[in-house]
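Below you'll find the structure, written out as structure tokens, and then a few comments.
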Ligand code: AMP
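In the working numbering, the protein residues as written are 185 to 584.
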């Protein structure tokens, strides 16, 4: 079965076409600048040169049409007929409390996703546009939605409730949802398989640190706590997001700086984190480079980032009364030797010993970076959210 995986944003979308017989990617690509002229469709097929097409794409229906045209293109395509796409899987950011796992798209499911627009106003409406665009271009093809929040639905109440008036939870469902669930789920499975131990027997902390960043405590094979909250702003310090801070800073800053709510929101989401502290960049590569050149603000940003990461790992070890496996993943986690070393440095009291030679090795494979004697096994596990979406889609459509 060939499965098309789509991650639709408001002005761009990414796709991957999988052959599920051997879980290989046949083609991957993106559409950028949807809704503008000179929209760009880019497609990569393993072993071939990249294909680019620039045209006007005013909506998601046209964007999906261009993707299908690209996939079936006589010269650049990988499919002879559009009918070869037997299922489509979508990434959906927010599944609220309704969706505890991936599901087949039905009218009811679409209604629920619409009801969740309030909780993810930047993401869920765009995902819906992706779903309806597939309906118009590939009528009758089953679609599956895979939620970033679903893996965290196993959290107990003490993890997911905030200590604020409970009426806010009852009326507006204000609670911790957590995000990056597909990634935390995927890497925890991979880590357990790598160690040849059942996931249920391991106390694990997974650190998904990329542009956005979150830590998850996994106990009994399930998400027990996670650092992102009602929105992806809470928790770790990120590229442009503040992460945890005193909530009183919001009204205080609004008052002192005469800011609107939308302005504070934008400050905390887009102009904070590594970018704000370093004054240089939100990209960890540039922070490390500047730090090595002696830039004090870059060093401070790096130290704050890794200190906060270490605090979460320690807190989750305490929350689970132990830690067997620590996993690093995503752009920073998979690539930054410096961040991994600094995050682990203060955890020797837990019996964590990093092997600095192993940590320095660059690879796209799952690997151990702790010493053989370390009480906690530290792994780098490349994430692959698209593959998990393809797997869920395949199994749900097969069982239909
Ligand atoms: P992601 O959101 O998972 O795609 O991660 C993107 C982020 O990973 C970028 O913004 C960089 O900060 C970070 N990144 C990628 N490569 C490296 C690297 N070699 N060293 C440090 N950070 C990196």
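Just so it is clear, CB atoms sit at the ideal spot from N, CA and C, and this is done for glycine as well.
Would you say residue i lies against chain B (beta-carbon separation less than 8 Å)?
| i | result |
| --- | --- |
| residue 398 | Absent here is chain B; the protein component of the structure consists of one chain. |
Can you grab the Cα-Cα spacing for the pair residue i / residue j, in whole Å?
| i | j | result |
| --- | --- | --- |
| residue 274 | residue 330 | 6 Å |
| residue 579 | residue 571 | 12 Å |
| residue 453 | residue 414 | 14 Å |
| residue 485 | residue 450 | 20 Å |
| residue 223 | residue 240 | 5 Å |
| residue 299 | residue 306 | 14 Å |
| residue 437 | residue 311 | 33 Å |
| residue 184 | residue 272 | Because the chain in this structure spans residues 185 to 584, residue 184 falls outside the shown range and cannot be described. |
| residue 554 | residue 561 | 6 Å |
| residue 525 | residue 583 | 44 Å |
| residue 435 | residue 488 | 24 Å |
| residue 301 | residue 466 | 28 Å |
| residue 189 | residue 198 | 8 Å |
| residue 458 | residue 259 | 44 Å |
| residue 256 | residue 235 | 13 Å |
| residue 518 | residue 559 | 22 Å |
| residue 386 | residue 320 | 45 Å |
| residue 504 | residue 245 | 46 Å |
| residue 402 | residue 357 | 23 Å |
| residue 231 | residue 270 | 24 Å |
| residue 456 | residue 400 | 22 Å |
| residue 495 | residue 575 | 34 Å |
| residue 350 | residue 480 | 44 Å |
| residue 303 | residue 557 | 45 Å |
| residue 474 | residue 294 | 47 Å |
| residue 464 | residue 220 | 30 Å |
| residue 382 | residue 336 | 19 Å |
| residue 537 | residue 308 | 42 Å |
| residue 491 | residue 471 | 15 Å |
| residue 227 | residue 250 | 11 Å |
Taking C-alpha atoms, which residue in the options lies nearest to residue i?
| i | options | result |
| --- | --- | --- |
| residue 362 | 474, 459, 462, 277 | 277 |
| residue 205 | 222, 187, 219 | 187 |
| residue 195 | 523, 466, 378, 214 | 214 |
| residue 398 | 294, 423, 463, 385 | 423 |
| residue 461 | 435, 482, 344 | 482 |
| residue 193 | 319, 436, 314 | 314 |
| residue 412 | 270, 294, 201, 345 | 345 |
| residue 261 | 351, 219, 201 | 201 |
| residue 577 | 197, 288, 236 | 288 |
| residue 497 | 510, 396, 326 | 510 |
| residue 191 | 550, 558, 439, 568 | 568 |
| residue 316 | 478, 248, 472 | 248 |
| residue 377 | 582, 584, 565, 574 | 565 |
| residue 322 | 253, 463, 475 | 253 |
| residue 581 | 557, 328, 291 | 328 |
| residue 533 | 556, 286, 506 | 506 |
| residue 326 | 291, 384, 347 | 291 |
| residue 396 | 382, 416, 379 | 416 |
| residue 334 | 472, 207, 286 | 286 |
| residue 332 | 355, 318, 297 | 297 |
Below 8 Å between beta carbons: does that hold for residue i and residue j?
| i | j | result |
| --- | --- | --- |
| residue 388 | residue 508 | yes |
| residue 364 | residue 407 | no |
| residue 515 | residue 324 | no |
| residue 500 | residue 404 | no |
| residue 521 | residue 391 | no |
| residue 211 | residue 229 | yes |
| residue 551 | residue 563 | yes |
| residue 573 | residue 366 | yes |
| residue 360 | residue 353 | no |
| residue 441 | residue 427 | no |
| residue 523 | residue 468 | yes |
Three or more C-beta pairs closer than 8 Å, one from the segment 257-269 and one from the segment 278-285: is that the case here?
no
Could you tell me whether the segment 536-548 touches the segment 445-454, using the rule of 3 or more Cβ pairs below 8 Å?
no
Taking any heavy atom of the ligand AMP as the mark, which residues have a C-beta closer than 6 Å to it, listed down the chain?
394, 395, 423, 467, 468, 469, 514, 515, 516, 519, 520
So, does the segment 521-540 touch the segment 410-423, judging by three or more C-beta pairs under 8 Å?
no
Count the CB pairs spanning the segment 427-440 and the segment 367-384 that are closer than 8 Å, and state whether there are at least three.
no
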